[in-house]
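Asker: Pasting a structure below so you can have a look.
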Amino acid sequence: MSKEEILKDLHEGVVEMDEEKVQEAAQRALDEGVEPMDAILDGLVSGISEVGDLFDEGEKFVPEVLMSSEALYAGLDILKPHVDADDLGVEGKVILGVAEGDVHDIGKNLVRLMFDVSGMEIVDLGKDVQNDLFVKRCVEEDGDIIAVSAMMTSTMLAIEDIVDDARKNAPDAKVLCGGAPINEKTAVQEFGADGYANDATEAARVALKLLKE
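One point on numbering: in full-length UniProt numbering, the residue at position 28 of the sequence shown is 28, and numbering is uninterrupted.
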């Protein structure tokens with residue numbers, strides 16, 4: 001079986017919520033000499049990215065996203081022990097949560113999954129998190145990045161408060177934000193954040209970049 005066929009099976013298995021298909025394809029990837037990180041990124045992650053897009057378009061719903069996540073983790077359990085430590089990126093701890101007053105956490109959960117795949121340690125504060133708790137926990141946990149999601153215009157202003165708090169009380173921490181009403185200009189120029197991402201895959205990429213700075 002070719003590498004492309006194996007990656008396709010991993011991708012489809014995640015989208016189809018088929019744990020068994022994902023596990024079989026993951027094992028086949030190892031047996032056929034496919035680089036585990038390629039299988040994770042180009043198979044599992046591309047699958048969950050499509051699931052995220054389908055959710056945004058109203059084609060998939062929360063239970064299906066969760067089942068796809070379980071299928072992804074079933075493959076990850078097989079592949080991750082074989083990944084070269086150098087391929088997992090930079091070690092770092094991320095304080096992750098959804099801004100105060102906001103209960104939309106599907107995007108945040110996809111971001112968590114991507115951070116996990118990338119080898120980062122995650123402290124997940126959940127949704128509707130008090131502004132001051134992000135920095136408080138960052139100091140307590142010696143975090144490297146504070147990642148904040150806001151899906152409503154009424155809650156995105158919390159990011160500016162969190163950035164200000166971080167600059168005063170956790171000056172070494174980087175602040176990464178994202179969410180439907182936010183763009184890079186708003187995040188970086190207006191709120192003063194260190195990074196912005198418009199989806200989960202980009203969030204992991206930006207976080208790894210921030211950890212290397």
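Beta carbons are placed, not taken as given, at the ideal position from N, Cα and C, and that holds for glycine.
Would you list the residues sitting across from Gly195 in a DSSP beta bridge?
Answerer: Leu176
Asker: Going by CA-CA distance only, name the one from Gly192, Phe191, Leu176, Val206 that's closest to Leu96.
Answerer: Leu176
Asker: I need the DSSP call for Gln6, collapsed to helix, strand or coil.
Answerer: In the sequence as presented, Gln is not what sits at residue 6; that position holds Ile. Correct three-state label for Ile6: helix.
Asker: Hey, how far is the Cα of His11 from the Cα of Phe115?
Answerer: Computed Cα separation, rounded: 18 Å.
Asker: When the Cα of Ser2 is compared with those of Leu30, Gly119, Gly52, which residue comes out closest?
Answerer: Leu30
Asker: Can you round the beta-carbon distance between Leu72 and Ile106 to whole angstroms, since I take them to be within the 8 Å contact cut?
Answerer: Their Cβ separation, rounded to whole angstroms, is 14 Å, which puts Leu72 and Ile106 out of contact at 8 Å.
Asker: Would you decide whether Asn109 is buried or exposed? Buried here means 16 or more other CB atoms lie within 10 Å of its CB.
Answerer: buried
Asker: Does DSSP classify Ser68 as helix, strand or coil?
Answerer: helix
Asker: Would Val103 and Asp128 be called neighbours here (beta carbons separated by less than 9 Å)?
Answerer: Their beta carbons are under 9 Å apart, which means Val103 touches Asp128 by this criterion.
Asker: Where does Val62 fall in DSSP's three states?
Answerer: Shown here, Val62 sits in a helix according to DSSP, grouped into three states.
Asker: Using only CA atoms, which one of Ala170, Val117, Glu100 lies nearest to Leu125?
Answerer: Glu100
Asker: Write down the C-beta distance between Val123 and Ala200 rounded to the nearest angstrom, noting that I regard them as a contact closer than 8 Å.
Answerer: Contact between Val123 and Ala200 does not hold, since their C-beta atoms are separated by about 17 Å, which reaches or exceeds 8 Å.
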